[in-house]
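Asks:
In our numbering, the protein residues as written are 1027 to 1185.
(1) For residue 1062 and residue 1152, I'd like the C-alpha separation in whole angstroms.
(2) Looking only at its chain, what residues have a beta carbon closer than 8 Å to the beta carbon of residue 1054, apart from the 5 residues adjacent to it on each side?
(3) Go ahead and label residue 1105 buried or exposed: buried means 16 or more other beta carbons lie within 10 angstroms of its beta carbon, across all protein chains shown.
(4) Can you list, in chain order, the residues of its chain whose CB lies under 6 Å from that of residue 1071, leaving out five sequence neighbours each side?
(5) Look at the alpha carbon of residue 1186 and the alpha carbon of residue 1168, and state the distance between them as a whole number of angstroms.
(6) Go through the region 1054-1093 residue by residue and report every complete run of the beta strand (DSSP E) that reaches 3 residues or more, in order.
(7) Taking only three categories from DSSP, how would you classify residue 1101?
(8) When DSSP labels each residue in this structure, what does residue 1038 get in the three-state scheme?
(9) Please report the distance separating the alpha-carbon of residue 1139 from that of residue 1069.
(10) Who are the near neighbours of residue 1032 in its chain, counting only those whose CB is closer than 7 Å to its CB and skipping five residues on each side?
(11) What residue does the beta strand (DSSP E) around residue 1145 start on, and which one ends it?
(12) Would you tell me roughly how many angstroms separate the C-alpha atoms of residue 1079 and residue 1129, rounded to the nearest one?
(13) If contacts are defined as beta-carbon pairs under 8 Å, then residue 1109 and residue 1060 qualify, I think. What distance do you get, rounded to the angstrom?
(14) Which residue from 1132, 1177 and 1172 puts its Cα closest to that of residue 1045?
(15) Please name the residue, chosen from 1100, 1117, 1089 and 1038, that lies closest to residue 1135 on a Cα-to-Cα basis.
Structure follows, in structure tokens:
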């Protein structure tokens, strides 16, 4: 295995897959949508910072066709943080851009999803955010489909 282009393979547990899914939703959601969803959840517990929000750059890697050799595409700004709720659950967040509040709220939701109220958080925060992301994806696909051009060839001179 080439350390520069491949990551180690491992079997992902169902818990890891679920966390990966909700972390993706939190990172892809708009900050204002996440804020509204947390507000609908209710009182957010207190927390202590393990790592205050930090803004930095990350290298984005790409692959031609999704399967080719990895290459450095460019840099992107990202914000990360880690916190511990008063009840002991630890939450982490990595979000695109410079929005420290988005990272903080994503870390809070990550921590809440590991506690006893995970089902309520799923229903009031992650469910609506997932629906918003799906609707946004459909809208984007419809806009792209509207610009699709079908090219065809006419055969000339044959009787």
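Think of the CB as a built atom: it goes at the ideal place given N, C-alpha and C, for glycine as much as any other residue.
Replies: Per the coordinate set shown:
(1) The residue given as residue 1062 occupies position 36 in the chain shown. The residue given as residue 1152 occupies position 126 in the chain shown. Rounded to the nearest angstrom, the two C-alpha atoms are 11 Å apart.
(2) Reading the chain shown from its first residue, position 28 is the one you call residue 1054. For residue 1054, where only same-chain residues beyond five positions count, the Cβ hits under 8 Å are 1159.
(3) As a working mapping, residue 1105 is identified with position 79 in the chain shown. Buried, by the Cβ-count rule.
(4) Walking along the chain shown from the start, residue 1071 turns up at place 45. 1111 and 1112.
(5) A question about residue 1186 goes unanswered here, because the residues of the chain that appear run from 1027 up to 1185.
(6) 1073-1089
(7) Here residue 1101 is taken as the residue at index 75 of the chain shown, counted from 1. Looking at residue 1101 - three-state DSSP - the assignment turns out to be strand.
(8) Within the chain shown, residue 1038 is the residue found at index 12, counting from 1. In this structure, residue 1038 counts as coil in the three-state DSSP scheme.
(9) As a working note, residue 1139 is residue 113 in the chain shown. As a working note, residue 1069 is residue 43 in the chain shown. When rounded, the distance between both Cα atoms is 15 Å.
(10) Numbered from its first residue, the chain shown carries residue 1032 at position 6. Only weak support exists for where residue 1032 lies, its pLDDT of 47 falling under 50; the value from the coordinates is given anyway. Around residue 1032: no qualifying Cβ.
(11) Locating residue 1145 in the chain shown gives position 119, counting from the first residue. No beta strand (DSSP E) holds residue 1145; the alpha helix (DSSP H) holding it covers 1144-1147.
(12) Against the chain shown, residue 1079 aligns to sequence position 53. Against the chain shown, residue 1129 aligns to sequence position 103. So the two alpha carbons sit approximately 7 Å from each other.
(13) Walking along the chain shown from the start, residue 1109 turns up at place 83. Walking along the chain shown from the start, residue 1060 turns up at place 34. At roughly 15 Å, the Cβ-Cβ gap does not stay under 8 Å, so residue 1109 and residue 1060 are not in contact.
(14) Position 19 of the chain shown holds residue 1045. Of the listed residues, the one whose Cα sits closest to residue 1045 is 1132.
(15) As a first step, residue 1135 is located in the chain shown; it is residue number 109 there, counting from the start. Among 1100, 1117, 1089 and 1038, the Cα nearest to that of residue 1135 belongs to 1117.
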